[in-house]
Each structure stands twice: as structure tokens, then as C-alpha cells.
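Trainee:
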């Protein structure tokens, strides 16, 4: 009996003693914090993604209460979170357009050639260190799913063709995948953008055609066919003015390489951002 | 004199990080900026000194008193965990800016093997109470020294031309290895 009693009592006693000290310390050393910090923290997504530039949601909430930043700075939370925070803080919140990530490349395993065998760590950043990766196209998606691993919301997965697929229902447009991608082939665009150019290669037709069957060859047919002149050519890539675009789909039909598609149909497509177009 | 020797032995000759390779996680993770590294070192020193005192008492009066040596690890772990909780509360109250700097690494002192190693080494070396405190303080000072030196080197490293393939973790580990090599030069200086 004693064999069991002594360890139970000694450890139990030690635990109870330390617990008592901690309870005392908690009472004595409690820091008075603004109750709104807890409320805001609850309203935030709680992913601690740090896309806002602070260590986590709690630090972001502290800055909000201190009035140092705008509630809309939480991109993953989107409009509903910004409004909820505005309610807690009692301030007016301007709600922006929801953003979504898009992969600006259609060159999966079937379309794009490889120029070497890569058998290293399955990570785009690692592959990138070896002469810029194994893909034939220097600008294309490497397909080692670094963006998928980086996504704090689980909104990305690799499709059968080796390209990342973005789930619009869970993507918050936080832009963490954009940072993670060593090829800068992902961009964040407004959800309402209608037509996007799903190729990042600024090379001439010959170079693009040699390695990829769906790359933009810079033929400028889309710019010619557009009835509202929303497309202009920037070097070898078209740029779409989203303000003008009426989503008629003429350019999509005309495109000889299908590198231009409607994001509603195929959301793997990418669009040039508006500021570049302007 | 004995106390000074114990202090120097723990801080330099048997440096916890660079000779015994304990506490590598914060050594690599927290050493980007000198200021943060130094603060982390101070917090760990504080915890280590208190740990040395507390675990000595627990070891000699509870573990040896009740003759339950198999409970030593458990007792040390709950002691260290509670202590870190206490230190966290104290820092939160006394210095919010330091609290923000240390961030997630403060609770991580709980699982810092250097602190746990200190408790176990103290028992093996059969120090007296005061000697054990000097040992703990020395170990903390050595940890702070290693952290601050590492952070200083890494701050300079940002401006030097590191080969592309070795950027980040690679060069950091090489630097850590070279520092450990330098500290090997002290070995055998003291036998405590």
C-alpha cells in the first residue's frame, strides 16, 4: 500500500503546491486588458496567418483596439469580419471587393515539357534553386505544391495534371500562396474579374510554343476581336481592362491556344492586375 | 572561489548550447535580432536560476526524502512548467514590450531541454544548494552569451554575400558549428 501512497501523495502534493502558487500569481499579476480585444479575436478567422503583418490574430486585435489599423486589413476575414469588427469598435467600415487567388499558368504535365529530371525535395523553392526548376517554361508553375502547403485555409489542392486548383469557397484572397510561390505565378484578383490571361510567359511565340501547348503566344487576336477594346498588348501578353470588359467571351473563343479563359468556368486562370492595365 | 569556478564552468567551458548541444531550438529560432536574443537569454537565465534552486529542494527533500528516484523526471517537468508559467505572468505584468518580443518562445522555455538538462546535471554533480544556484545562473549566462553572439553574427550575415544554396538555415547551421568548434578550445580547462 505504501508503495503507491508515497508517490501519489508526494507528486500530488507538489502539483497542488505549484498550482496554488500559480493561482496566487494569477490574482496578483493579472493584467487588465481591454475586453474588446477578446471580442475581436473571436470575430477574426483565427488562422494566425499573419497576412496582416502582425504575429497573429490576437496582436492584430490589439492593434485594432489601439486604433492603429483599419478593420478591413484582415483579408482572410473579408467583408463580414470587417463589419463585425466595426460593430465592436463602433466605427464605420468600408468594404472592399472580395479577392481570390488565381494561378497564372495552364502548363500542366500534359501541356508543358520538362527540360530535366528532378528528383530532389518535393518543394518548388528547392526545385527553383537548381537552375530555376525542371519545367521547360521558365515562367510556369513548377507543380511541387509549395502553395498548397502554404495555404492556411486548405483552399488549394493539386489536380491530376500537376497544377494547383483553388477552391473559391474557401479561398480568402489572403495572398500567402503568392508569397510562397518562387515563380510568382499566382496573383490575387478581385472576385468579379471576368476574363483572365492564364499565362505568365512574356516570351515570343516561338519560345512559348516550343515548350507549352497552352501558353500565350502573343498573337494579339484577342485584342483585335474585343468589341469594347478592353484588351491591349503589353509586350507579348494581353492586358485586360476589367472596367471595360463585358464578358462577351469573344476573346476566349478566338484564342488559338486557349490560354485565355473565363474564371467562372475554369478558375485555374489568371488575370493581369488592374493597376498594371492602367 | 568554488562558486566562481562553477559559474565559469557552466557558462563557458561546458556551455549548454555550444558544448553540450542543449537548447538548440531557441538558439536557432530566436537569434535573428540581438535585442530579442538577449531578452530571450535573460528570460531563460531567470528561469534557469530559479529552476536550479527549486529542483535542488525538490530533489533533496521530496525525491530523496521519500526515496522515489523514478519520479525525478516527472517532478522536474511539472516544476519547470509551473515556473515558466509564473515567469510569463510576471513578464506580462512588468514589461509588455518584452512580452511581445518573446512572443511564442516564452512558453517554449517549458520544453527547452537546456532547462531540464540543468536540473538533471545538478543532481548528477551533487552540488550544494548555493553551488547549484551558481551552476544554474552560469548555465543561463552561457545560454545568453551564445544566443547574443549568434544573433550578432546573423545580423552581420544579412549583408554578406552568402552562396545562394546556403542562405537561411544552411549558413546558420554552419555558423553554429564553427562557434561550437571554437568553444571546444575551452575543454579541459576546468574539471567541475
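Chains as they are written, first to last, in my numbering: chain A, 856 to 1133; chain B, 83 to 274. Glycine included, C-beta positions come from ideal geometry on N, C-alpha and C. Please read these numbers as outputs of a predicted model, since none were measured by experiment.
Under DSSP, the alpha helix (DSSP H) around residue 876 of chain A begins and ends at which residues?
Mentor: Here residue 876 of chain A refers to the residue found at position 21 when the first chain is read from its first residue. Unbroken alpha helix (DSSP H) run through residue 876 of chain A: 857-884.
Trainee: Check each candidate in A/891, A/1077 and A/997 and name the one with the smallest Cα separation from residue 921 of chain A.
Mentor: Position 66 of the first chain holds residue 921 of chain A. The residue with the shortest Cα to Cα distance from residue 921 of chain A is A/891.
Trainee: Give me, in chain order, the residues of the same chain whose beta-carbon lies closer than 7 Å to that of residue 1080 of chain A; leave out the 5 immediate sequence neighbours on both sides.
Mentor: Start at 1 with the first residue of the first chain, and residue 1080 of chain A comes out as number 225. Contacts found: 1105, 1106 and 1109.
Trainee: Determine the chain B residues that contact residue 876 of chain A at a beta-carbon separation under 8 Å, and present them in chain order.
Mentor: Position 21 of the first chain, counted from the first residue, corresponds to residue 876 of chain A. Here the neighbours are 164 and 168.
Trainee: Starting from the Cα of residue 84 of chain B, find the closest Cα among B/229, B/245, B/233 and B/217 and give me that residue.
Mentor: Reading the second chain from its first residue, position 2 is the one you call residue 84 of chain B. When each option's Cα is compared against that of residue 84 of chain B, the closest is B/217.
Trainee: Can a CB atom of chain B be found closer than 9 Å to the CB of residue 1097 of chain A?
Mentor: As a position in the first chain, residue 1097 of chain A is number 242, starting the count at 1. No, residue 1097 of chain A lies away from the interface with chain B (no Cβ there is under 9 Å from its Cβ).
Trainee: Counting along the chain, where does the alpha helix (DSSP H) carrying residue 1034 of chain A start and finish?
Mentor: The residue labelled residue 1034 of chain A in the question sits at position 179 within the first chain. Per DSSP, residue 1034 of chain A belongs to the alpha helix (DSSP H) from 1031-1035.
Trainee: With a Cβ-Cβ cutoff of 9 Å, do residue 109 of chain B and residue 232 of chain B count as a contact?
Mentor: The residue you call residue 109 of chain B lines up with position 27 of the second chain. The residue you call residue 232 of chain B lines up with position 150 of the second chain. Yes.
Trainee: Can you tell which of B/241, B/242, B/244 and B/226 has the C-alpha that lies nearest to the C-alpha of residue 129 of chain B?
Mentor: Counted from its first residue, the second chain places residue 129 of chain B at position 47. Looking at the Cα atoms, B/226 is the closest of the given residues.
Trainee: If you compare alpha carbons, which of B/213, B/116 and B/204 is closest to residue 87 of chain B?
Mentor: On the second chain, position 5 is the one that residue 87 of chain B refers to. Considering only alpha carbons, the answer is B/213.
Trainee: Beta carbon of residue 959 of chain A, beta carbon of residue 930 of chain A: below 9 Å?
Mentor: The residue labelled residue 959 of chain A in the question sits at position 104 within the first chain. The residue labelled residue 930 of chain A in the question sits at position 75 within the first chain. Their beta carbons are not under 9 Å apart, which means residue 959 of chain A does not touch residue 930 of chain A by this criterion.
Trainee: Using the beta-carbon of each residue, which ones in chain A are nearer than 7 Å to residue 256 of chain B?
Mentor: Taking the first residue of the second chain as position 1, residue 256 of chain B is located at position 174. Residues of chain A passing the Cβ test: none, with the nearest at roughly 17 Å.
Trainee: Would you list the one or two residues that DSSP bridges to residue 1042 of chain A?
Mentor: Within the first chain, numbered from 1, the residue matching residue 1042 of chain A stands at position 187. Looking at the DSSP assignment, residue 1042 of chain A forms a beta bridge with A/957.
Trainee: Check this for me: beta carbons of residue 119 of chain B and residue 169 of chain B, under 9 Å apart or not?
Mentor: Along the second chain, one-based indexing puts residue 119 of chain B at 37. Along the second chain, one-based indexing puts residue 169 of chain B at 87. Not in contact: residue 119 of chain B and residue 169 of chain B (Cβ atoms no closer than 9 Å).
Trainee: Can you check whether the C-beta of residue 191 of chain B is within less than 9 Å of a C-beta belonging to chain A?
Mentor: As a first step, residue 191 of chain B must be located in the second chain, where it is residue number 109. It does not; no Cβ of chain A falls within 9 Å.
Trainee: If we ignore side chains and look at the alpha-carbon of each, how far apart do residue 1039 of chain A and residue 1115 of chain A end up?
Mentor: Residue mapping note: residue 1039 of chain A aligns to position 184 of the first chain, counting from 1. Residue mapping note: residue 1115 of chain A aligns to position 260 of the first chain, counting from 1. About 19 Å.
Trainee: Under 9 Å between the Cβ atoms of residue 103 of chain B and residue 219 of chain B?
Mentor: For the purposes of this step, residue 103 of chain B is taken as residue 21 along the second chain, with counting starting at 1. For the purposes of this step, residue 219 of chain B is taken as residue 137 along the second chain, with counting starting at 1. Against a cut-off of 9 Å, the Cβ pair of residue 219 of chain B and residue 103 of chain B comes out as no contact.
Trainee: Buried or exposed: where does residue 215 of chain B fall if 16 or more other Cβ atoms within 10 Å of its Cβ makes it buried?
Mentor: In the second chain, residue 215 of chain B corresponds to position 133, counting from 1. So residue 215 of chain B ends up on the buried side.
Trainee: Closest Cβ-Cβ distance between residue 1119 of chain A and chain B: below 9 Å?
Mentor: Indexing the first chain from 1 puts residue 1119 of chain A at position 264. Residue confidence for residue 1119 of chain A is low, a pLDDT of 47 falling below 50, so the modelled location carries little weight; the figure read from the coordinates is stated next. So, not an interface residue.
Trainee: Which partner residues does residue 1020 of chain A have in the DSSP bridge list?
Mentor: Your numbering for residue 1020 of chain A matches position 165 in the first chain. In DSSP, residue 1020 of chain A forms a bridge with A/1012.
Trainee: Mind listing the chain B neighbours of residue 862 of chain A? Cutoff is C-beta to C-beta under 7 Å, in chain order.
Mentor: Here the question's residue 862 of chain A lines up with position 7 in the first chain. The answer, in chain order, is 150 and 153.
Trainee: Are residue 938 of chain A and residue 1113 of chain A closer than 9 Å when you measure CB to CB?
Mentor: Position 83 of the first chain, counting from 1, holds the residue named residue 938 of chain A. Position 258 of the first chain, counting from 1, holds the residue named residue 1113 of chain A. For residue 938 of chain A and residue 1113 of chain A, no; Cβs fall outside 9 Å.
Trainee: Taking residue 157 of chain B as the query, report the chain A residues whose CB atoms sit under 7 Å from its CB, ordered along the chain.
Mentor: Locating residue 157 of chain B in the second chain gives position 75, counting from the first residue. Ordered by position in chain A, the residues that pass the 7 Å Cβ test against residue 157 of chain B are 866 and 869.
Trainee: Could you tell me whether any Cβ in chain A is nearer than 9 Å to the Cβ of residue 43 of chain B?
Mentor: Here chain B covers residues 83 to 274 and nothing more, so residue 43 of chain B does not appear.
Trainee: So for residue 205 of chain B, helix, strand or coil by DSSP?
Mentor: Counting from 1 along the second chain, the entry for residue 205 of chain B is found at position 123. The answer is helix: DSSP assigns residue 205 of chain B an H, G or I state.
Trainee: Rounded to whole angstroms, what is the Cα-Cα separation between residue 901 of chain A and residue 1003 of chain A?
Mentor: In the first chain, the residue the question calls residue 901 of chain A occupies position 46. In the first chain, the residue the question calls residue 1003 of chain A occupies position 148. Going by the C-alpha atoms only, they are around 19 Å apart.
Trainee: Quick one: what's got a C-beta closer than 8 Å to residue 1088 of chain A's C-beta in the same chain, skipping five residues either side?
Mentor: The residue labelled residue 1088 of chain A in the question sits at position 233 within the first chain. Closer than 8 Å at Cβ, skipping near neighbours: 1073, 1075, 1078 and 1094.
Trainee: Closer than 7 Å by C-beta to residue 969 of chain A: which residues in its own chain qualify, once you throw out the five before and the five after it? Chain order, please.
Mentor: As a first step, residue 969 of chain A must be located in the first chain, where it is residue number 114. Same-chain partners within the cutoff: 989, 990 and 991.
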